[in-house]
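Here the first sequence is numbered in the numbering used here, starting from 3 and rising by one per residue.
All C-beta atoms, glycine included, are put in the ideal place defined by N, C-alpha and C.
Notes to accompany the following structure.
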Amino acid sequence: MKIEELLIPSVVAAVKDLYGTAIEEKQVQLQKTRPEFEGHLTLVVFPFLRISRKKPEETAQEIGTWLAANEPAVDKFNVIKGFLNLCIAPDFWVKILEHINADEHYGIQAASPDAPLVMIEYSSPNTNKPLHLGHIRNNLLGWAISNIIAANGNRIVRTNIVNDRGIHICKSMLAWLKWGNNATPETTGKKGDHLIGDYYVAFDKHYREEVKSLTTQYMAEGMTAEEATDKAKENAPLIREAHEMLVKWENNDPEIRTLWEKMNNWVYDGFNETYKALGVAFDKIYYESQTYLVGKKEVEKGLEDGLFVRHEDGSVWADLKQEGLDEKLLLRKDGTSVYMTQDIGTAKLRFQDYPIDKMIYVVGNEQDYHFKVLSILLDKLGFKWGKDLVHFSYGMVELPNGKMKSREGTVVDADDLIAEMISTARQTSEELGKFQDMTNEEKDNIARTVGLGALKYFLLKVDAKKNMMFNPQESIDFNGNTGPFIQYTYARIRSVLRKAAEENIGIPATLPAGLTVSDKEQELIQHLAEFKGIVQQAGTEYSPSTIANYCYDLVKEYNQFYHDYSILRESNQSNKQLRLMLSANIAKVIRTGMNLLGIEVPERM
RNA sequence: GUCCCUGUAGUUCAAUGGAUAGAACAGCAGUUUCCUAAACUGCUGAUCCGGGUUCGAUUCCCGGCGGGGAUACCA
3 MKIEELLIPS VVAAVKDLYG TAIEEKQVQL QKTRPEFEGH LTLVVFPFLR
53 ISRKKPEETA QEIGTWLAAN EPAVDKFNVI KGFLNLCIAP DFWVKILEHI
103 NADEHYGIQA ASPDAPLVMI EYSSPNTNKP LHLGHIRNNL LGWAISNIIA
153 ANGNRIVRTN IVNDRGIHIC KSMLAWLKWG NNATPETTGK KGDHLIGDYY
203 VAFDKHYREE VKSLTTQYMA EGMTAEEATD KAKENAPLIR EAHEMLVKWE
253 NNDPEIRTLW EKMNNWVYDG FNETYKALGV AFDKIYYESQ TYLVGKKEVE
303 KGLEDGLFVR HEDGSVWADL KQEGLDEKLL LRKDGTSVYM TQDIGTAKLR
353 FQDYPIDKMI YVVGNEQDYH FKVLSILLDK LGFKWGKDLV HFSYGMVELP
403 NGKMKSREGT VVDADDLIAE MISTARQTSE ELGKFQDMTN EEKDNIARTV
453 GLGALKYFLL KVDAKKNMMF NPQESIDFNG NTGPFIQYTY ARIRSVLRKA
503 AEENIGIPAT LPAGLTVSDK EQELIQHLAE FKGIVQQAGT EYSPSTIANY
553 CYDLVKEYNQ FYHDYSILRE SNQSNKQLRL MLSANIAKVI RTGMNLLGIE
603 VPERM
């Protein structure tokens with residue numbers, strides 16, 4: 003029950019009755035009244051002036067009079083210019099609160115067995131280095147979006163495509179063989195993904211040295227700097243060895259394959275730890291090593307069908323000039339597959355495995371072009387779902403000195419950041435004296451919940467499509483518009499409710515009649531009633547930030563109103579019950595909203 | 001060059017085409033006999049520039065300027 007929905011038909015009826023013209027519901031603009039004016043909801047009457055052929059004030063006056071007479075929910079009204087401010091009758095607020103209170107899962111819709119099936123791909127790591135801050139944003143967005151889509155009544159499948167093959171993996175393997183001395187996660191005590199990442203870095207370091215000395219050599223032989231660099235990059239012994247290894251891998255060389263499996267498993271163990279710490283999971287994981295051949299086959303079929311062309315050197319291309327794009331490579335001259343080929347294969351397998359109604363890819367906006375092309379190619383290949391795939395394109399996380407670049411060592415490591423957030427939360431709790439009378443387990447849980455809450459909220463409150471700034475020096479706040487602020491308010495409400503329960507004060511399903519609801523409480527009830535609409539909006543726009551900002555606004559408002567209010571010491575029993583019910587439902591909505599974002603709320607902190 | 005995204009207080013972020021553009025952080029000044037002070041109150045401070053559409057533009061359109069990205073036989 004949303005108050006707006008209640009009133010819109012009445013406004014339509016009013017216009018019809020007064021001016022004899024039928025209007026559509028979507029033409030009715032009802033918004034929350036600004037706090038400086040009296041009223042709850044405001045009707046913007048400017049759009050009706052053409053129909054009424056009267057001045058704004060006059061039109062507003064007429065509609066207001068009609069509503070006050072014919073709509074029981076409207077108590078009284080006032081007019082300021084073209085704005086008609088409506089006051090809702092007090093007992094309506096009580097009814098709305100009781101309605102919210104009756105629904106334990108307010109705002110969440112369960113999926114029926116025949117509900118649309120939505121598959122969400124996110125994370126998609128490479129197995130040659132550990133996860134960084136950019137991956138965290140991806141994972142949190144993917145998790146939150148899938149929760150939100152599920153909350154809107156859809157069935158979901160969370161999926162991950164692991165880029166587990168290719169030249170980058172060979173680089174790590176080669177470096178490990180050369181300089182690794184058989185190091186393992188066990189012998190070094192390092193997480194597997196970090197161990198592999200170290201060898202990837204080592205490869206790059208040695209490779210650059212080789213390129214540098216080769217370049218000088220070629221230049222001494224009379225090449226220009228540019229020519230020399232290009233040739234050096236191609237001819238450096240290390241990169242040639244890596245390419246040889248890739249060929250061996252593709253030819254199923256048993257030695258290489260065994261090594262590859264061993265090292266990838268180390269990485270997966272490492273990733274799983276990070277995923278667990280972040281609280282994300284997957285229903286089905288695809289591996290590029292298992293899908294790229296499927297993609298290759300599709301491309302070859304497309305070639306036979308005349309959809310693609312083969313160039314003289316043997317490479318295969320798609321001509322997308324008709325679609326306003328360029329030519330796109332699908333198979334290299336040596337017949338090996340590229341990123342696009344693999345994505346075609348993965349898509350095919352997924353639609354074979356599941357009756358997917360909608361496919362959503364959570365991938366950074368640097369790949370907007372890639373997904374535009376993928377959509378067209380899938381469509382050309384005759385997959386009817388190709389056209390409708392959704393690329394949920396999110397912005398990059400930027401650092402004060404620019405983009406994150408692994409080569410320049412400017413990445414913010416995911417595991418480091420998580421550990422740092424948790425230890426900061428622990429330290430803050432200790433300084434504030436929150437940890438008295440707590441077991442070590444409780445302390446651990448609170449530090450983890452609050453630290454991750456701060457991190458997650460920080461990344462999710464920003465509009466996903468925008469680039470965002472992260473300053474490691476300033477680190478993430480625990481005060482203000484933050485996760486811990488919301489968590490703290492939740493914990494305080496829960497504390498009040500615990501004390502009420504100890505005193506055997508229950509919350510009845512219906513509140514006593516004749517209750518006076520103060521203006522502030524009316525506003526809070528109105529705010530609470532918006533939650534359902536917010537979840538819907540977040541679902542259609544795929545925007546976790548909508549929910550994050552809603553939760554903050556609600557909490558901020560609650561803190562302001564109830565800072566000087568007493569709930570348990572209130573002498574009037576009816577008021578006490580109203581305040582308890584209101585608080586309990588604010589806690590419920592906060593918990594629901596934060597959980598949709600993948601953020602836990604603690605019972606105490 | 002072409003294409004895509006983006007430009008709001010000192011900083012990080014908000015604002016279905018609506019009233020006086022909201023917060024937070026930082027700065028300054030306050031609030032604790034009282035259900036958790038990770039709180040609350042007050043002050044200072046912003047829509048890149050120029051046109052257009054509209055009763056009304058931060059929002060939509062066009063043109064500049066600034067930032068990011070794509071246009072790889074990397075993934």
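The segment 388-421 is shown to contain no whole alpha helix (DSSP H) run of 4 or more residues. Looking only at 205, 93, 33, the smallest Cα-Cα distance to residue 77 is reached by 93. In the DSSP secondary-structure assignment, residue 320 is bridged to 330.
Residue pairing by DSSP puts residue 339 in a beta bridge opposite 333. Under the three-pair Cβ rule at 8 Å, the segment 365-376 does not count as touching the segment 429-442.
Distance between residue 250 and residue 336, taken at the CA atoms: about 14 Å. Exclusion of the five residues before and after residue 547 leaves 462, 463, 464, 465, 466 as the residues of its chain whose Cβ lies within less than 7 Å of its Cβ.
The segment 324-334 makes no contact with the segment 82-97: fewer than 3 CB pairs, one atom from each, lie closer than 8 Å. By the Cβ-count criterion, residue 287 is exposed, with fewer than 16 other Cβ atoms from all chains shown falling within 10 Å of its own Cβ.
Classified as exposed, residue 181 has fewer than 16 neighbouring CB atoms from the shown chains inside 10 Å of its CB. The segment 411-420 makes contact with the segment 124-143; the number of CB pairs closer than 8 Å reaches 3 or more.
When secondary structure is reduced to three states using DSSP, residue 32 falls in the strand class. Under the three-state reduction of DSSP, residue 591 is assigned to helix. Around the beta-carbon of residue 166, 16 or more other beta-carbon atoms lie within 10 Å, marking it buried. According to the DSSP assignment, residue 560 belongs to the alpha helix (DSSP H) that extends over 546-564.
Taking C-beta atoms under 8 Å as the contact rule, residue 356 and residue 159 qualify, at a distance of about 6 Å. In this model, residue 39 and residue 533 are separated by some 23 Å (Cα to Cα). Looking at the DSSP output, residue 123 shares a beta bridge with 161, 363. Assignment of residue 437 by DSSP, reduced to helix, strand and coil, places it in the coil class. In the DSSP assignment, residue 80 forms a beta bridge with 87. Within its own chain, the residues whose Cβ lies closer than 8 Å to the Cβ of residue 587, once the five positions on either side in sequence are excluded, are 99, 102, 103, 108, 530, listed in chain order.
Between the segment 63-77 and the segment 4-20, the count of C-beta pairs closer than 8 Å reaches three or more; the two stretches touch. With contact defined as three or more Cβ pairs closer than 8 Å, the segment 176-195 and the segment 496-511 are not in contact. In this structure, the beta-carbon distance from residue 269 to residue 195 falls below 8 Å. Distance check between residue 291 and each of 187, 185, 375, 163 places 163 closest, using alpha-carbon atoms only. The beta carbon of residue 27 lies closer than 8 Å to those of 10, 11, 14 in the same chain, with the five residues before and after it left out. Between residue 146 and the set 605, 583, 571, 537, the nearest pair of CA atoms involves 537.
In the three-state scheme derived from DSSP, where H, G and I count as helix and E and B as strand, residue 575 is classed as helix.
Around the beta carbon of residue 344, a 10 Å sphere encloses 16 or more other beta carbons of the protein chains shown; the residue is thus reported as buried.
Around the beta carbon of residue 200, 16 or more other beta carbons sit within 10 angstroms, so the residue counts as buried. Taking a cut-off of 8 Å for Cβ pairs, the segment 383-391 and the segment 399-407 do not touch, as fewer than three such pairs fall below it. Separation of the CB atoms of residue 198 and residue 174 is rounded to 5 Å, and the pair is thereby assigned contact status at 8 Å.
A straight line joining the alpha-carbon of residue 383 with that of residue 313 spans about 20 Å. Rounded to whole angstroms, residue 458 and residue 422 show a C-alpha spacing of 13 Å.
Residues 478 of the same chain have their beta carbon placed closer than 6 Å to that of residue 460, with the five preceding and five following residues left out of the count.
If you compare the alpha carbons of 593, 122, 119 with that of residue 490, the shortest gap goes to 593.
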